[in-house]
Amino acid sequence: MTIEITTPDEETADVFAPPPLILLASLGIGLSADRVIGLTFEGWVLPRIILGGALVAGAIVLGLAGLTRFRRAGTAVEPWHPSTQLVTDGVFARTRNPMYVALVMLQLGIGFAFGGPVTLLLVIPLAMILHSGVVLAEERYLDRKFGAPYRAYRDRVRRYL
Numbered sequence: 002m003t004i005e006i007t008t009p010d011e012e013t014a015d016v017f018a019p020p021p022l023i024l025l026a027s028l029g030i031g032l033s034a035d036r037v038i039g040l041t042f043e044g045w046v047l048p049r050i051i052l053g054g055a056l057v058a059g060a061i062v063l064g065l066a067g068l069t070r071f072r073r074a075g076t077a078v079e080p081w082h083p084s085t086q087l088v089t090d091g092v093f094a095r096t097r098n099p100m101y102v103a104l105v106m107l108q109l110g111i112g113f114a115f116g117g118p119v120t121l122l123l124v125i126p127l128a129m130i131l132h133s134g135v136v137l138a139e140e141r142y143l144d145r146k147f148g149a150p151y152r153a154y155r156d157r158v159r160r161y162l
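Residue numbers (my numbering): 2 to 162.
As structure tokens, this is what we get:
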């Protein structure tokens, strides 16, 4: 009798943290800091709300498009669960990471809508953490799991926009 022991890194993407949790931490810190420090953009309230609302709406549409494609393919959305399918159609034919782009857009939209400069500035570390702690780990995992088909997809479709 043989028992194969695998580490989580071999079966999943082994990401830094759940991406929604990363977003919530970034938003929580940014919105709290803006409020405590008392920093807000004065003026241009209606244009900021319109821009922020458009970004939030776009983020929701983009995120749901990615989520829907994963669900239809029957593969895990959560990067800490094994992937069973390589999804390359729909929104994934245009960007390999629509849900992560949506998370960044969501923070941008909320930052603009609420006029919070710290919230807006934290988009930079949010994007860096998502890239280095999630996306790169997922790419290594997908390369191991799907091999040549994933590499062909990666060469054909942009990582973000």
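Note that CB positions come from ideal geometry on N, CA and C, so glycine has one too.
Since the model is a prediction, treat every value here as computed from it, not as a measurement.
| query | result |
| --- | --- |
| Quick check on the burial criterion: 16 or more other C-beta atoms within 10 angstroms. Buried or exposed for Leu97? | Reading off the sequence, residue 97 comes out as Arg, not Leu. Result: buried. |
| Out of curiosity, what's the CA-to-CA distance linking Arg36 and Leu109? | 17 Å |
| I need the straight-line Cα distance from Ile61 to Val105, nearest angstrom please. | 11 Å |
| Could you pull the start and end residues of the alpha helix (DSSP H) that Arg72 belongs to? | 46-74 |
| Distance check for Val46 and Ala77, CA to CA, integer angstroms please. | 40 Å |
| Starting from the C-beta of Leu162, find all residues in its chain whose C-beta is less than 8 Å away, skip the five residues before and the five after it, and write them out in chain order. | Thr96, Val102 |
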